[in-house]
Amino acid sequence: MLQNRVDIRGNGLMDKMEKLITERKCGKFFYNGHGKPILPQRSMKALKKTLKYGDFLIKSKKIVAGCKAVIFFMCVLMVISISFSVSALETPRIKWQNGGCFSSWCETGWYSSPAVADLDEDGKQEVIGASYSIFVLNGEDGSLKYRVDPEGGRVWPGVVVADIDGDGHKEFATAHGSGYLHLFNHDGTLRWTVNPISRELRGLSACDLDGDGSMELVVTGAVSSKVNTWVYEHDGSLRNGWPQLADESGYAYGVFNDNAAVGDLDGDGSVEIIVPSDVHYICAYDSWGTPLPTNEIYGDKAWGKVGVWESLEVELRGWGECGGERKERYRTNFAHGAALMCDFDKDGVREIVATGNVYDCAIGHPPGQYNGIYIFNSDRSRFKWNGLNWEDAPVDTGSPLTEDYNIIENNQPNPIVADLDGDGIEEILYSSYDGKVHAFWLDKTEHGEWPFSVHDSSEGYMRFASEPVASDLDGDGSCEVLFTSWVEKGSGRTGDLFVLNSEGKLLHRVPLPEAYGSPDWNGGLAAPTLADIDGDPDLEIIVNTAHSGFVAYDLPGTSNAVVHWGTGRGNMQRTGIAPTLTPTPPEPVSPQTLKIELN
Numbered sequence: 001m002l003q004n005r006v007d008i009r010g011n012g013l014m015d016k017m018e019k020l021i022t023e024r025k026c027g028k029f030f031y032n033g034h035g036k037p038i039l040p041q042r043s044m045k046a047l048k049k050t051l052k053y054g055d056f057l058i059k060s061k062k063i064v065a066g067c068k069a070v071i072f073f074m075c076v077l078m079v080i081s082i083s084f085s086v087s088a089l090e091t092p093r094i095k096w097q098n099g100g101c102f103s104s105w106c107e108t109g110w111y112s113s114p115a116v117a118d119l120d121e122d123g124k125q126e127v128i129g130a131s132y133s134i135f136v137l138n139g140e141d142g143s144l145k146y147r148v149d150p151e152g153g154r155v156w157p158g159v160v161v162a163d164i165d166g167d168g169h170k171e172f173a174t175a176h177g178s179g180y181l182h183l184f185n186h187d188g189t190l191r192w193t194v195n196p197i198s199r200e201l202r203g204l205s206a207c208d209l210d211g212d213g214s215m216e217l218v219v220t221g222a223v224s225s226k227v228n229t230w231v232y233e234h235d236g237s238l239r240n241g242w243p244q245l246a247d248e249s250g251y252a253y254g255v256f257n258d259n260a261a262v263g264d265l266d267g268d269g270s271v272e273i274i275v276p277s278d279v280h281y282i283c284a285y286d287s288w289g290t291p292l293p294t295n296e297i298y299g300d301k302a303w304g305k306v307g308v309w310e311s312l313e314v315e316l317r318g319w320g321e322c323g324g325e326r327k328e329r330y331r332t333n334f335a336h337g338a339a340l341m342c343d344f345d346k347d348g349v350r351e352i353v354a355t356g357n358v359y360d361c362a363i364g365h366p367p368g369q370y371n372g373i374y375i376f377n378s379d380r381s382r383f384k385w386n387g388l389n390w391e392d393a394p395v396d397t398g399s400p401l402t403e404d405y406n407i408i409e410n411n412q413p414n415p416i417v418a419d420l421d422g423d424g425i426e427e428i429l430y431s432s433y434d435g436k437v438h439a440f441w442l443d444k445t446e447h448g449e450w451p452f453s454v455h456d457s458s459e460g461y462m463r464f465a466s467e468p469v470a471s472d473l474d475g476d477g478s479c480e481v482l483f484t485s486w487v488e489k490g491s492g493r494t495g496d497l498f499v500l501n502s503e504g505k506l507l508h509r510v511p512l513p514e515a516y517g518s519p520d521w522n523g524g525l526a527a528p529t530l531a532d533i534d535g536d537p538d539l540e541i542i543v544n545t546a547h548s549g550f551v552a553y554d555l556p557g558t559s560n561a562v563v564h565w566g567t568g569r570g571n572m573q574r575t576g577i578a579p580t581l582t583p584t585p586p587e588p589v590s591p592q593t594l595k596i597e598l599n
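According to full-length UniProt numbering, the sequence shown is numbered sequentially starting from 1.
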């Protein structure tokens, strides 16, 4: 695919361009490996609307000079050179497979996204994956360094890797069935264990809640109680103010997915925790467990006392009839509805995105009607900005193929954010139980060829898709989207690894390995992870499969990749926040003069 790029080396033009991009008025600015500033063609579309230097306008393949002369035009430009480069993403190539498997079988992999880190500080990356056991694998070839088999059942949430105690060395943490939370040293020795509940822990995040240089661990449980969230200090002691919800300030129940988002919402340096759960309410707390207040439009209620209805009118009233017209019946359950934080309007305050299962309360839940997206401001009011209205009802994307995990393991609609088109504003993506991966722009529409369906009814069996990841793999300024799929039980089939472009067009579809041993289906339920695991210039993608262990693929031609959302829940701390993208500053270039005469 021919990509048109513009290199800009004029000081005045550069300053104005960087100012515009800093203000988020046009596309993202990138630098190539030689420190030369590059503006991708997709960003020119946004740039040409806002950037003027003298009477010049930059357009996709031409430089148009518009001087106010009658007979001829002649202008002087510091330097704009147009370069063309051919870029075509190659097919992912399998690097290794069956990582962590035994001689004739593999432990079942669930929704736990693998982590990548140099645990032993030898300059080489390890893959840390969990199914029931925890496997630490050599990134280069997938060979086993060591295996840990701690107390507890399966591992649902992604493996957390971070310097938890602030000693300069990485630790890793896992949350298990039977309510076990473990923290391990970098060599796999157990640091400590806590067991707050007997039910499964399905959420795990790490964050420095109080700015003291050490991290706390936040876990959520699949419980039959409104007390569903625990916070532990770096030494394993229970943090003051937790667990929650411990009073009558809200409604909550079990958390049946890795739902919590943890981060600084309002830019004040303190951390907030957002916890959707198995009710039509979302709870929000400060770092000490105090419920967060809402906008005055909801009176004096905390977050957890404001129900989430499809209709804002009914939501403001505080209750629906559960009968009659649709607005009185449709509300949203968040048992599997994950949240994330993102500053869409770039005002320094993050918004909250949550995907939920919209249902008809006249019938009950289940069944779900569709997976809907909500964007809330930090005060729980619905997001509305610059003509983009998220106060209205979510887009109805369609009913589920099934919600019966006896037929096919459930889809988890974890949302992600990524600037797909390079215009400086993030889009929202998630996979749904309708068998599709959706991508919504902030105008609440899906552009290009989105949504993308992994399910094909002509196959005779169902497919679901994992949480996606997103990266500008070839450095052209637009994001590719990658995810895996899995298939119906008993189908004898396997899922695939998909690579799509920013418009939802399929670039590559690569079958995952067949099930290893006796299982009659396979695929990847967990978000894959993008990382360089072998020290070469390119990225790899690592997949936790259901029945063929951990699998890695080379992604050729990705040495200039910019990762927007690279693993489950956005980062190795699993906080539901995308990493900050910081370009490498360019080397200074002397200005030049170019004379252009236009007929």
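Glycine residues also receive a C-beta, built at the ideal position from the N, C-alpha and C atoms.
- Per DSSP, the beta-bridge partners of residue 388 are 385.
- In the structure shown, residue 272 falls within a strand segment according to DSSP collapsed to helix, strand and coil.
- For residue 314, the enclosing alpha helix (DSSP H) covers residues 312-317.
- Bounds of the beta strand (DSSP E) holding residue 472 are 469-472.
- Rounded to the nearest whole angstrom, the C-alpha separation of residue 470 and residue 531 is 12 Å.
- DSSP places residue 305 in the helix class (H, G or I) of the three-state scheme.
- Contact between residue 244 and residue 285 holds: CB atoms are separated by about 6 Å, below the 8 Å threshold.
- Spatial neighbours of residue 264 in its own chain (CB-CB distance under 6 Å, excluding positions within 5 residues in sequence) are listed in chain order as 271.
- Rounded to whole angstroms, residue 293 and residue 505 show a C-alpha spacing of 43 Å.
- Considered as a whole, the stretch 325-395 harbours 330-333, 339-342, 351-360, 370-376 as its complete beta strand (DSSP E) runs of no fewer than 3 residues, in chain order.
- Look at residue 553 here: in three-state DSSP terms it is strand.
- Its Cα nearest to that of residue 494, the residue 509 stands out among 501, 509, 156.
- CA-to-CA, the gap between residue 288 and residue 273 works out to about 10 Å.
- Look at residue 164 here: in three-state DSSP terms it is coil, with no helix or strand label.
- Residue pairing by DSSP puts residue 193 in a beta bridge opposite 182.
- Put simply, of 224, 225, 239 the residue whose alpha carbon is nearest the alpha carbon of residue 231 is 239.
- Put simply, the stretch 419-439 touches the stretch 457-470. At least three CB pairs are less than 8 Å apart.
- Per the C-alpha coordinates, the member of 472, 378, 578 positioned closest to residue 89 is 472.
- Considering only 297, 301, 296, the residue with the shortest C-alpha distance to residue 290 is 301.
- Take the alpha-carbon of residue 554 and the one of residue 146: they are about 23 Å apart.
- Per DSSP, the beta bridge partners of residue 244 are 229.
- Under a 10 Å Cβ-count criterion, residue 144 is classified as exposed, with fewer than 16 other Cβ atoms of the shown protein chains found around its own Cβ.
- A direct Cα-Cα distance of roughly 9 Å separates residue 173 from residue 164.
- The C-beta of residue 96 has 16 or more other C-beta atoms within 10 Å across all chains shown, which makes the residue buried.
- Between residue 266 and residue 378, the CB-CB gap stays under 7 Å.
- Here the alpha carbons of residue 102 and residue 515 stand approximately 13 Å from one another.
- The three-state reading of DSSP puts residue 569 in helix, counting H, G and I together.
- For a cut-off of 8 Å, the C-beta gap from residue 436 to residue 451 is around 4 Å, short enough to register as a contact.
- Assignment of residue 297 by DSSP, reduced to helix, strand and coil, places it in the helix class.
- DSSP places residue 323 in the coil class of the three-state scheme, outside both helix and strand.
- Here residue 533 is actually not in contact with residue 158; their C-beta atoms are around 16 Å apart, not less than 8 Å.
- A Cβ-Cβ separation of about 3 Å places residue 576 in contact with residue 261 under the 8 Å criterion.
- Ranked by Cα distance from residue 537, the options 557, 526, 525, 550 are led by 557.
- Using a 10 angstroms sphere on the CB of residue 316, the tally of other CB atoms stays under 16, which defines it as exposed.
- For residue 481, the enclosing beta strand (DSSP E) covers residues 480-487.
- The beta carbon of residue 457 lies closer than 8 Å to none in the same chain, with the five residues before and after it left out.
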